[in-house]
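Visitor: The structure that follows is given in the form of structure tokens.
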Amino acid sequence: MHHWGYQVLGSVLGSTLLSVAANIASPQNIAQAQTNPQTNQKGSLGESLLNNMLGADALRPQNSAPNTTQPAQVAPKSPPSRGVQIVQATTFPDIQGNWAQAFIEALAARGIIQGFPDGTFRPNAPVTRAQFAAMIRQAFDQPLERPGTQFADIRANFWALDAIQEAYRMGFLEGYPNNIFLPDQNIPRVQVLVALVSGLDLSAPTQPVAILNQIFQDAAQIPGWAQNSIAAATVNQMVVNYPNVAFLNPNQTATRADVAAFIYQALVSQGQLPQLPPSTVASRYIVGYEPIAQEPPTPTPEQVAALRRQYLLPAPPVEERLRRIVVGGSSINSPTAFGAQTGDIFLGATYQEQVRFFNEDDGAVVVGFGVGDARRIVALETAVSIYDLFGDTFEDGGVSFKLHRLIGDDLAVAIGVENAIVWGNTDGDQSVYGVVSKVFRLRENSSEPLSRLTASVGLGGGRFRSLDDIEDKEGSTNVFGSIGLQVVEPVTLIADWTGQDLYLGASIVPIQGVPLVITPAVADVTGNAGDEPRFILGIGYGLSF
């Protein structure tokens, strides 16, 4: 009278600042000097102007000749006779179709670079070392690594004094031998890149010379003292070469367009600005450009619900996988090939108003868990059953094991041993079996009626033998199987041949999204293995974490 309980239990469960920097034009070291007492003075004309522009010669506190390439001087309100103003704009007429348009407009939109009073940007104009220092100050907010120094060729009232000192103290800029800075000297492209690498503390890659020779056709023109830094800039995608990406032109004077491109890429390397998309012309000239794969943002629950309503998608069948644990959802008495794996726990209870051959009711409970990954390798399900709840409770029981493998989402194979370990009187033999299960998707949407059919077929001994073989103690094997048809989303009708008799019932998930399964059924429908059909009820619950 305990054996029925075991059988039924088997079926229950951006940055806003930007600039650039220069480095020494030769590998000679500069002796450390004392801090310039003028460095931290505030309120000077240069200080006020540098807060509003990106390195322009017009900031010099002296008159400029007309029709020069410098930004024009415009008298501000205070003081009325000494001032300059740079036009603030997000685009400029003289960069339309220019190779660096995307760099320039992106920086201008963030207030990092600005144009001239006539509304132009003049992308081909050269940049001096002093202007470069001003750009550095606008762009970067690096920690001050060292005290300032007093350069012999920079007077106390020089317009870019504070910018030069700050760029020097951040580690971007150096001077020349004899403690000179040469602020009005045009800066070459190699110095711009070396300065950026130095100020940002980027490390040189291994075999830098090999990298340069592989990428640049004019690598021989790169000074030896700059090779490590240029290699570092290259691998960090900071080098931008126009018109030919294979030619660095290291000793060519940097233009305002060059500087804008180098600055933008330096900030990209620091994660302060986004990478240019592949569709922009400017991206063609970035050395080593590789688009970064962008992962789509994770939708919010509200967005998922809105999409589901829009496209009439069903709610995720949370209970579907759990219903497959220990035959759930498509079988009543015989096992299926689906089972528990790591993270799955299940428990269940059964009740029968009349056990086979006895006019008595009884019940049983089962608890189990899984280990392993059925999709990647295999998983092992372990179930512990307690029989005869209404008699000698907990005195009779058994432990069963099932090794199973999931192939895709809908096909599974398994081998198992029921009652591998027993205690007390279980009235059930040890039963070894093998089984294959397949889910057939009759409709694409699982919420539609008649959308899923699950079939299982297996071969086993022990309790799966015919009743005659059991009575004759024949060690035979027998075929068993089951079919479950999901008629509507919460209800699956089941027909189950146990090897001895036919069971008919249903698997019901009463609360959507809750892995609670109720299985009412009628056992021994044909009467082949019992005195009459009888009602049984199983309730299972699964957890997956």
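In my numbering, the protein residues as written are 2 to 546. Even for Gly, the Cβ is constructed at its ideal location relative to N, Cα and C. Owing to the predicted nature of the structure, the values given are computational and were not obtained by experimental measurement.
1) Look at the alpha carbon of aspartate 202 and the alpha carbon of valine 195, and state the distance between them as a whole number of angstroms.
2) Leaving out five residues on either side along the sequence, give the residues of the same chain with a beta carbon under 6 angstroms from the beta carbon of valine 240.
3) Determine the closest residue to tryptophan 100 out of Gly461, Ser280, Gly225 and Ile484, with distance taken between C-alpha atoms.
4) Secondary structure at aspartate 345, three-state DSSP: helix, strand or coil?
5) Let me know if proline 450 comes out buried or exposed under the rule of 16 or more other beta-carbons within 10 Å of its beta-carbon.
6) For lysine 403, which residues from the same chain have a beta carbon less than 6 angstroms from its beta carbon, with the 5 sequence-adjacent residues on both sides left out?
7) Leaving out five residues before and five after alanine 103 in sequence, what residues of the same chain have Cβ atoms less than 6 angstroms from its Cβ?
8) In chain order, what residues of the same chain have a beta carbon less than 7 angstroms from the beta carbon of proline 206, not counting five sequence neighbours either side?
9) Could you please give me the residues that DSSP links to glutamate 419 through a beta bridge?
10) Extract the residue ranges of the alpha helix (DSSP H) inside the segment 106-189, only unbroken runs of 4 or more that lie entirely within it.
11) Relative to the C-alpha of glycine 485, which candidate in Pro491, Ala496, Glu167 and Ser477 has its C-alpha closest?
12) From the DSSP output, in three-state form, read off arginine 229 for me.
13) Between which two residues does the alpha helix (DSSP H) harbouring arginine 535 extend?
14) Would you report the Cα separation of proline 491 and glycine 409, rounded to the nearest angstrom?
15) Considering only their Cβ atoms, is the gap separating serine 335 from threonine 499 smaller than 8 angstroms?
16) Between the C-alpha atoms of serine 432 and valine 488, what's the straight-line distance to the nearest angstrom?
17) Quick one: residues in its chain with C-beta nearer than 6 angstroms to the C-beta of proline 38, no 5 flanking neighbours on either side, listed in chain order?
18) Provide the residue span of the alpha helix (DSSP H) that contains valine 260, from first to last.
19) Where does leucine 451 sit, in a helix, a strand or coil, going by DSSP?
20) Roughly how many whole angstroms lie between the Cα atoms of glutamate 445 and arginine 453?
21) Any idea what DSSP makes of asparagine 479, helix, strand or coil?
22) Among Gly176, Asp219, Asp411 and Phe465, which has the Cα closest to the Cα of arginine 376?
23) For the segment 165-185 against the segment 130-141, are there 3 or more C-beta pairs whose distance is under 8 angstroms?
24) Put isoleucine 333 into one of helix, strand or coil per three-state DSSP.
25) Taking all protein chains shown into account, do 16 or more other C-beta atoms lie within 10 angstroms of the C-beta of proline 275, making it buried, or fewer, making it exposed?
26) In terms of alpha-carbon separation, which member of Ile540, Val372 and Asp374 lies closest to valine 515?
27) Leaving out the 5 sequence neighbours to the left and right, which residues in its chain are closer than 7 angstroms to phenylalanine 536 when beta-carbon positions are compared?
28) Who are the Cβ neighbours of proline 124 in its own chain at under 8 angstroms, not counting the five residues just before and after it?
29) Would you mind working out which of Asn420, Tyr388, Leu407 and Trp160 sits nearest valine 400, comparing C-alpha positions?
Guide: Taking the geometry as given:
1) 10 angstroms
2) Ala234 and Val288
3) Ser280
4) strand
5) exposed
6) Gly340, Glu382, Ala415 and Gly417
7) Leu277, Thr281 and Ala283
8) Ile212, Ala232, Ala233 and Val236
9) Ser432
10) 130-140 and 162-171
11) Ala496
12) The sequence given here places asparagine at residue 229; arginine does not occur at that position. If DSSP states are grouped into helix, strand and coil, asparagine 229 belongs with the helices.
13) Arginine 535 -> not in any alpha helix (DSSP H); beta strand (DSSP E) instead, spanning 535-545.
14) 24 angstroms
15) yes
16) 32 angstroms
17) Here proline 38 scores only 30 on pLDDT, less than 50, and its place in the model is too uncertain to base an answer on.
18) 257-270
19) coil
20) 9 angstroms
21) strand
22) Asp411
23) yes
24) coil
25) exposed
26) Ile540
27) Glu354 and Val523
28) Asp95, Ile96, Asn99, Ala101, Ile105, Thr256, Arg257, Ala258 and Ala261
29) Asn420
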